Amino acid sequence: MFELCASILAADFANLERDMRAANAAGVDAFHIDVMDGHFVPAISFGTGMVRTMERLTTKPLDVHLMVEKPLDFLPELEKLGVKRVSVHYEIPGGPEAALRAICAAGMQAGLVLNPETPVESALPYLAQISQLLLMTVHPGRGGQVYLPGSNEKIAAAKSLLQGQGSNTVIQVDGGITPGTLPGAYAAGARSIVAGSAVFYGNIYQNVCALRSEKAKP
Ligand code: DX5
Ligand code: ZN
């Protein structure tokens, strides 16, 4: 399994339709949507109103990354919009348990996100609920950052943890993915790759081809 998710945060919002259609045509597998509330992370990106607009611009699955303190408030609207997958942070106040349960109950796929400093073992109590473990490979909150050193080792540790538990949860990585960093992440065990700047800055078609061809190399 391999999927490339285009992170819309890096799109040109003045030309959102153009950029999403271009990424769609270039063959991305899904769109990754970063919702930020200004509390869990300092920045505010957009809310469910914008997700509604994005949903109209593609037929590809939507992969929503909630960088918010109160994910439960967002779920009913995301469910209505037919969102495929919603990921919530381990680090939120009160922990992710209630949100993960609500995501599953709504028939969406649940993902658990770990910040760079959160150990992979933190995911253990939630493995039965999650279809995706999202490892942040930058500090959450903004695009265009550099892939953190040690990320590949963390991906490998997550992979062996999952294998040891007999779990088929997919490892997703988010942040600093380029044609240069993707092969290491893939080799370490990441199978869902989020890329923002590396998709939307410059020629979107060529960018998507470059990312895909890096994955294809032995
Ligand atoms: C960061 C976001 C990422 C971001 C990635 O908090 O979760 O999805 O858009 O951007 P790039 O690929 O530019 O590092
Ligand atoms: Zn993200």
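Every number in this note's numbering is 27 more than the matching position in the sequence shown, counting from 1. A virtual CB, placed ideally from N, CA and C, is assigned to each residue, including glycine. In this text, all values refer to a predicted model and were calculated from it rather than measured experimentally.
Which residue wins for smallest C-alpha separation from residue i, given the options the options?
| i | options | result |
| --- | --- | --- |
| R295 | L108, S178, G134, S149 | An answer regarding residue 295 cannot be provided, because it is not within the stretch 28 to 245 covered by the chain. |
| G74 | A57, K87, H92, Y153 | H92 |
| N142 | G134, A132, I157, V115 | V115 |
| M77 | T196, P69, M63 | M63 |
Taking 8 Å as the cut-off, does the CB of residue i come closer than this to any heavy atom belonging to the ligand DX5?
| i | result |
| --- | --- |
| A168 | For clarity, residue 168 is Gly in the given sequence; the question names Ala instead. Yes, since a heavy atom of the ligand DX5 falls inside the 8 Å radius drawn around the Cβ of G168. |
| H116 | no |
| G203 | yes |
| V165 | yes |
| M94 | yes |
| V110 | no |
| L36 | yes |
| H59 | yes |
| V68 | yes |
| Q172 | yes |
May I ask you to report which of helix, strand or coil DSSP gives residue i?
| i | result |
| --- | --- |
| D46 | helix |
| G122 | coil |
| D56 | coil |
| D100 | helix |
| V62 | strand |
Confirm the yes/no value for this check: CB of residue i, any heavy atom of the ligand PLP, distance under 8 Å.
| i | result |
| --- | --- |
| G223 | Ligands displayed in this structure: the ligand DX5 and the ligand ZN; the ligand PLP is not among them. |
Open item on the list: Using only Cβ atoms and a threshold of 5 Å, which residues come within that distance of a heavy atom of the ligand ZN? Order them by chain position.
Closed with: With the cut-off at 5 Å, the residues found are D61, H92, D201.
Pairs of beta-carbons, one from the region 161–176 and one from the region 124–132, closer than 8 Å: are there three or more? Result no; under three Cβ-Cβ pairs closer than 8 Å.
*Segment contact, 8 Å Cβ cut-off, at least three pairs: the region 218–227 with the region 177–192*: The region 218–227 is not in contact with the region 177–192.
Original post:
Can at least three beta-carbon pairs, one atom from the region 201–211 and one from the region 149–158, be found at a separation below 8 Å?
Top reply: In short, these stretches do not touch, since the Cβ pair count stays below three.
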